[in-house]
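S.K.: Residue numbering for the sequence shown follows the UniProt record's numbering, starting at 1 and increasing by one per position. Here a beta-carbon is modelled for each residue, glycine too, at the ideal position from N, C-alpha and C.
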Amino acid sequence: MTCKSNADLQIIVDEVRSFSEKGAVADYIPALAKVNKTDLSVAIYEKNNLCIYAGDYMRNFTLQSISKVLVLALALQDRGVDYVFDRVGMEPTGDPFNSISKLETSIPSKPLNPMINAGALAVTNMIKGESENERWERILQFVSCLANKPNVTYDVEVANSELETAWLNRALCYFMKQHKVVEGDIEELMITYTKQCAIEMNCFELARIGAVFALNGLDPETGERLIPIHIARICKTFMVTCGMYNASGEFAIKVGIPAKSGVSGGILGVVPEKYGIGIFGPSLDEKGNSMAGIKLLEILAERYNFSIF
Ligand code: DON
């Protein structure tokens, strides 16, 4: 399976690149700041195994919050729907992704959804395994299948950089441990979570993951089921309601597809039954979403009628 450069797509990429100037690269994880702000690449993976790209589509970046939707798919398989949603809610928050405020005011005290940091930490805590290493290996193995990338790795510098500075995420974990939403050793959980966020791939591999969701959990190349259909549906629904954080409403109106962003500047997009989309553009808006990436999706959505609504 190869990906071909596409002139029309490249024209749009060149057109929206200037939007990167207005945003800023995430630097609260220090190692994330070491990127070129105006980088922009995109790959679109069609269900019939054609793939087109524009920009430096082989450039690796870390998944960050995009990993939340993948680990959710694994946790739902490991534990079942009832177990997961006894501990994590299904509602958008309207708050920033790292907010602690609603954890205290929600009764019972559980994170409102699996796409905010608190919810994602709780979901990572649900992955089955006898040890941190076994849980981590299972996450890697699953992501590797979705991306069809045999040796998925993580960026050690980015993971360590987050581990050394993630005081707010630790606070969320300890709060949730007090309320029995998470269990076990919090440092081990933080290690698995920061490694999961630092999983590296390029736009093409991310677009392939999008294609798996677009096909309701089927491998676009072999037709093998990689994610049960009801779980693929749950993941796509969260991507619509909470995937772009507190910009999800505006994104649903302007683009109208399931999508998940990360502070590295990645966006995973899903056009149901049709395409998986992978984007990397590290300059972010104030809500933590890729500025040029969103603009690119707005133009594509309008031109090719992407909206599911
Ligand atoms: O936990 C964090 O803060 C990061 N590892 C991931 C946050 C993230 O990507 C939010 N995205 N917009």
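So which of Ala247, Cys242 and Ile227 has the shortest CA-CA distance to Gly89?
M.R.: Position 89 of the sequence shown, counted from the start, is the residue given in the question as residue 89. Out of Ala247, Cys242 and Ile227, Cys242 has the C-alpha closest to the C-alpha of Gly89.
S.K.: Which runs of the alpha helix (DSSP H) at least 4 residues long sit entirely within the stretch 124 to 182? Give them in chain order.
M.R.: 132 to 147, 156 to 165 and 167 to 178
S.K.: Only counting the same chain, and skipping five residues up and downstream in sequence, which positions put a Cβ closer than 8 Å to that of Asn113?
M.R.: As a working note, residue 113 is residue 113 in the sequence shown. Closer than 8 Å at the Cβ level, and outside the excluded window around Asn113, lie Val88, Gly89, Met90, Glu91, Pro92, Thr93, Gly119, Phe238, Thr241 and Cys242.
S.K.: Quick check: the stretch 29 to 49 against the stretch 263 to 273, are there 3 or more CB pairs under 8 Å?
M.R.: yes
S.K.: How many angstroms separate the CA atom of residue 317 from the CA atom of Gly55?
M.R.: The requested residue 317 is not part of the displayed model; the chain covers only 1 to 309.
S.K.: Under the criterion of a Cβ to heavy atom distance below 7 Å, does Gly245 qualify as lining the ligand DON?
M.R.: Residue mapping note: residue 245 aligns to position 245 of the sequence shown, counting from 1. At residue 245 the sequence reads Tyr, which differs from the Gly that was named. Relative to the ligand DON, the beta carbon of Tyr245 is positioned inside 7 Å of a heavy atom.
S.K.: Whose C-alpha, out of Leu121, Lys47 and Tyr193, is nearest the C-alpha of Pro220?
M.R.: Within the sequence shown, residue 220 is the residue found at index 220, counting from 1. That would be Lys47, whose Cα lies nearest to the Cα of Pro220.
S.K.: Using DSSP bridges, identify the partner residues of Cys51.
M.R.: Counted from its first residue, the sequence shown places residue 51 at position 51. For Cys51, DSSP records a beta bridge to Tyr45.
S.K.: With a threshold of 8 Å, are at least 3 pairs of Cβ atoms found where one atom belongs to the stretch 5 to 24 and the other to the stretch 173 to 187?
M.R.: No contact exists between the stretch 5 to 24 and the stretch 173 to 187.
S.K.: What three-state label does DSSP hand Ala259 in the structure shown?
M.R.: On the sequence shown, residue 259 is found 259 positions in, with the first residue counted as 1. Three-state DSSP puts Ala259 in a strand.
S.K.: Residue range of the alpha helix (DSSP H) that Tyr275 falls in?
M.R.: To locate residue 275, count along the sequence shown from 1; it is residue 275. First-last for Tyr275: Tyr275 to Phe280, but that is the beta strand (DSSP E), not the alpha helix (DSSP H).
S.K.: Tell me the DSSP secondary structure of Met201 in three-state form.
M.R.: Here residue 201 refers to the residue found at position 201 of the sequence shown. Three-state DSSP puts Met201 in a strand.
S.K.: If you drop the 5 nearest sequence neighbours on each side, which residues of the same chain put their C-beta closer than 8 Å to that of Arg79?
M.R.: Within the sequence shown, numbered from 1, the residue matching residue 79 stands at position 79. So the qualifying residues of the chain are Met126 and Lys128.
S.K.: How many angstroms separate the CA atom of Gly293 from the CA atom of Ile186?
M.R.: Taking the first residue of the sequence shown as 1, we reach residue 293 at position 293. Taking the first residue of the sequence shown as 1, we reach residue 186 at position 186. Going from the Cα of Gly293 to the Cα of Ile186 covers about 34 Å.
S.K.: So what's Arg79 in DSSP terms, helix, strand or just coil?
M.R.: As a position in the sequence shown, residue 79 is number 79, starting the count at 1. Helix, per DSSP.
S.K.: I need the straight-line Cα distance from Phe204 to Glu250, nearest angstrom please.
M.R.: Here the question's residue 204 lines up with position 204 in the sequence shown. Here the question's residue 250 lines up with position 250 in the sequence shown. One C-alpha to the other measures close to 26 Å.
S.K.: Excluding sequence positions up to five away, which residues of its chain have a Cβ less than 6 Å from the Cβ of Leu70?
M.R.: Within the sequence shown, the letter at position 70 stands for residue 70. Cβ neighbours of Leu70 beyond the five flanking positions: Val143.
S.K.: Buried or exposed, going by whether 16 or more other CB atoms sit within 10 Å of the CB of Lys68?
M.R.: Taking the first residue of the sequence shown as 1, we reach residue 68 at position 68. Buried, since its Cβ has 16 or more Cβ neighbours within 10 Å.
S.K.: By Cβ distance, which residues of its chain are closer than 6 Å to Gln64, with the 5 residues on each side in sequence left out?
M.R.: Residue mapping note: residue 64 aligns to position 64 of the sequence shown, counting from 1. So the qualifying residues of the chain are Cys197, Gly262, Val263 and Ser264.
S.K.: Return yes when the C-beta of Cys242 is under 7 Å from any heavy atom of the ligand DON, and no when it is not.
M.R.: Within the sequence shown, numbered from 1, the residue matching residue 242 stands at position 242. Result no, Cβ not under 7 Å from the ligand DON.
S.K.: Helix, strand or coil: which one does DSSP assign to Lys4?
M.R.: By 1-based counting over the sequence shown, the position of residue 4 is 4. If DSSP states are grouped into helix, strand and coil, Lys4 belongs with the strands.
S.K.: Can you give me the Cβ contacts of residue 312 inside the same chain, cut-off strictly under 6 Å, excluding the 5 residues immediately before and after it?
M.R.: Nothing in the structure corresponds to residue 312, since the chain is present only between 1 and 309.
S.K.: Does the distance between the C-beta of Asn117 and the nearest non-hydrogen atom of the ligand DON fall short of 7 Å?
M.R.: If you number the sequence shown from 1, residue 117 lands on position 117. Yes.
S.K.: Looking at Gln77 and the ligand DON, is the gap between the Cβ and the nearest heavy atom below 7 Å?
M.R.: Translated into positions along the sequence shown, residue 77 becomes position 77. Result no, Cβ not under 7 Å from the ligand DON.
S.K.: Buried or exposed: which applies to Tyr53, given that a residue is buried once 16 or more other Cβ atoms fall within 10 Å of its Cβ?
M.R.: Here residue 53 refers to the residue found at position 53 of the sequence shown. It is buried - the Cβ of Tyr53 has at least 16 other Cβ atoms within 10 Å.
S.K.: Where do the ends of the beta strand (DSSP E) carrying Ile267 lie?
M.R.: Here the question's residue 267 lines up with position 267 in the sequence shown. Residues Gly266 to Val271.
S.K.: For Ala122, which residues from the same chain have a beta carbon less than 7 Å from its beta carbon, with the 5 sequence-adjacent residues on both sides left out?
M.R.: Your numbering for residue 122 matches position 122 in the sequence shown. Once the five neighbours on either side are set aside, the close Cβ partners of Ala122 are Arg87, Val88, Pro111, Met176, Val181 and Val182.
S.K.: Arg225 by DSSP, collapsed to three states: which one?
M.R.: Along the sequence shown, one-based indexing puts residue 225 at 225. Residue state for Arg225 is assigned as strand, using DSSP reduced to three classes.
S.K.: Taking Thr2 as the reference, give the member of Ala259, Asp14, Thr192 and Tyr45 with the closest Cα.
M.R.: In the sequence shown, the residue the question calls residue 2 occupies position 2. Comparing Cα positions, the closest option is Tyr45.
S.K.: When we look at the beta-carbon of Met58 and count the other beta-carbons within 10 Å, is it buried (16 or more) or exposed?
M.R.: Stepping through the sequence shown from its first residue, residue 58 is reached at position 58. Under this definition Met58 is an exposed residue.
S.K.: Do Asn117 and Phe97 come within 8 Å of each other at the CB atom, strictly closer than that value?
M.R.: As a first step, residue 97 must be located in the sequence shown, where it is residue number 97. As a first step, residue 117 must be located in the sequence shown, where it is residue number 117. A contact, by the Cβ cut-off of 8 Å.
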